[in-house]
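Novice: So that we are looking at the same thing, I have put the structure below in structure tokens.
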């Protein structure tokens, strides 16, 4: 069964609203989670590295005030897309580090902003 | 220059064909290398790790060439079910298990 649960799997929201995406590790504690974004026919682009109990580390070009990451517990990291716009429509996916060497992807969230 | 580059394809091949994908990476200090398979915007699934000595898993063979900074994936006896996008991924030095992905190569296997 799945070891990482990402929710929701898809969401449609109006422009200007905020959307929260959750990534949960099941049955294990995860100190590190990664958030990726993938536009159609493009690569998975690393957005940020989320560490439990500390601020996320954002990749160059990713607006930290727009993409809020919270990793308040060892099993949950959330990504909030604030004031979403159509250009934020994308596939967002988390990747959870397990035991320092193994990692599992969430199922991904397809965000459509209208 | 992108850190990881792949030919986007698509590669259209008949069943039974052998197809090879290449991927180049720009950072010579990269540590770990992988091939993933991704179906229809679902999560990527690890296909295999890639080592300098080469490794094989059934019909799939992966190879790393550090001197030329490229990795390859060979699929023999292609099946319809192999149709997917194949992503190469690299962990940079000190990347703490970060993965940098290529854009992926689409493979379409037809009857």
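Chains as they are written, first to last, in my numbering: chain B, 1 to 114; chain G, 1001 to 1111.
Beta carbons are placed, not taken as given, at the ideal position from N, Cα and C, and that holds for glycine.
Note that the structure is predicted; figures quoted are calculated from it, not measured.
(1) Are the Cβ atoms of residue 1087(G) and residue 1061(G) separated by less than 9 Å?
(2) Would you mind working out which of 1052(G), 1050(G), 1051(G), 1035(G) sits nearest residue 1044(G), comparing C-alpha positions?
(3) Mind checking the segment 19 to 36 of chain B against chain G and listing, in chain order, the residues whose C-beta falls within less than 9 Å of any C-beta there?
(4) In three-state DSSP terms, what is residue 1068(G)?
(5) Closer than 9 Å, CB to CB, is residue 54(B) near chain G or not?
(6) Near residue 140(B), which residues of its chain fall below 8 Å by C-beta distance, leaving aside the five closest residues on each side in sequence?
(7) According to DSSP, residue 1013(G) sits in a beta bridge with which residue or residues?
(8) Residues bridged to residue 7(B) by DSSP?
(9) Roughly how many angstroms lie between the CA atoms of residue 68(B) and residue 79(B), to the nearest whole one?
(10) Comparing C-alpha positions only, which one of 25(B), 66(B), 60(B), 101(B) sits nearest to residue 75(B)?
(11) With DSSP collapsed to three states, give me the class of residue 1074(G).
(12) Between the alpha carbons of residue 1059(G) and residue 1074(G), how many angstroms are there, rounded?
(13) Does DSSP put residue 1081(G) in a helix, in a strand, or in coil?
(14) Using alpha carbons as the reference points, say which of 1071(G), 1067(G), 1040(G) lies closest to residue 1108(G).
(15) Quick one: list the residues of chain G neighbouring residue 69(B), beta-carbon separation under 7 Å, in chain order.
(16) Output the residue ranges of the beta strand (DSSP E) runs that lie fully inside the segment 62 to 87 of chain B and measure 3 residues or longer, sorted by chain position.
(17) Identify, in the order they occur along the chain, each residue of the same chain with its Cβ nearer than 6 Å to the Cβ of residue 110(B), setting aside the five sequence neighbours on each side.
(18) Who are residue 1039(G)'s beta bridge partners in DSSP?
(19) Which first and last residues belong to the beta strand (DSSP E) in which residue 1006(G) is found?
(20) For residue 49(B), go through chain G and note every residue whose CB falls closer than 7 Å to its CB, in chain order.
(21) Among 40(B), 45(B), 73(B), 3(B), which one has its Cα closest to the Cα of residue 62(B)?
(22) Let me make sure I understand the geometry here. Which of 31(B), 41(B), 38(B), 37(B) has the alpha-carbon closest to that of residue 56(B)?
Specialist: Inspection of the coordinates gives the following:
(1) no
(2) 1035(G)
(3) 32, 34, 36
(4) Of the three classes helix, strand and coil, the one that applies to residue 1068(G) here is coil, per DSSP.
(5) no
(6) An answer regarding residue 140(B) cannot be provided, because it is not within the stretch 1 to 114 covered by chain B.
(7) 1109(G)
(8) 22(B)
(9) Approximately 6 Å between the Cα atoms of the pair.
(10) 25(B)
(11) strand
(12) 8 Å
(13) helix
(14) 1040(G)
(15) The contacting residues do not exist; residue 69(B) stays about 15 Å from chain G at best.
(16) 67 to 73, 76 to 81
(17) 10, 91
(18) In DSSP, residue 1039(G) forms no bridge with anything.
(19) 1004 to 1006
(20) 1098
(21) 45(B)
(22) 31(B)
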